[in-house]
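Notes follow once the structure below has been shown.
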Amino acid sequence: MSQKCIFIGFGKQAQEYAKVFKTLNIKISSIFVRNKKRYNKYQKEYAIDRIDTDLSTCLKKSNYDFIMVMLPWNKIEIMLPFVIKNSKKKLIFSEKPVSLSLKKLKYLTNMSTKYNKNVFVLYNR
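Numbering (my numbering), first residue to last: 202 to 326.
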């Protein structure tokens, strides 16, 4: 049985991961984006089941084993707490930086402990 994931954001970096996941037979169940029309062309290419413009719906209605947070650097620390709190699954992989301050990093660490989630920072270069 292959793994399933969702992408929070689907920019250039996420699309590079999507190519690798396609090769590794990891299914992209859903992507969360602001503009659905802009990303419809990728739905067939990567066999994406759902494209959501509402993060809550994406997290609740998608079938997934882990989450890839692939947002712009200045949006990650804003969205990550919501993902930690509302994810059905334990594994969350996030682009960097997950936080722009030590205070916020401590907050995210405490949240991940409270909600029993593992947040991993992606660093592939």
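In this text, a Cβ means the ideal position worked out from N, Cα and C, and glycines have one as well.
On a predicted model such as this, the values are computed, not experimentally measured, just so you know.
Cut-off 6 Å between Cβ atoms - residues of its own chain near Q204, not counting five sequence neighbours on either side = Position 3 of the sequence shown, counted from the start, is the residue given in the question as residue 204. I227 and D266, listed in sequence order.
What are the boundary residues of the beta strand (DSSP E) that M269 is part of?
-> As a first step, residue 269 must be located in the sequence shown, where it is residue number 68. Judged by DSSP secondary structure, M269 falls within the beta strand (DSSP E) whose first and last residues are F267 to V270.
Any chance the CB of S313 is under 7 Å from a heavy atom of the ligand FMN?
-> No copy of the ligand FMN appears in this structure; indeed no ligand is present at all.
Just how far apart, CA to CA, sit E217 and I209?
-> Looking up residue 217 in the sequence shown gives position 16. Looking up residue 209 in the sequence shown gives position 8. Distance between E217 and I209, taken at the CA atoms: about 14 Å.
Nearest-angstrom beta carbon gap, I277 and F294 [assumed within contact, 8 Å] | Along the sequence shown, read from residue 1 onward, the residue named residue 294 stands at position 93. Along the sequence shown, read from residue 1 onward, the residue named residue 277 stands at position 76. So it is not a contact: roughly 12 Å between Cβ atoms.
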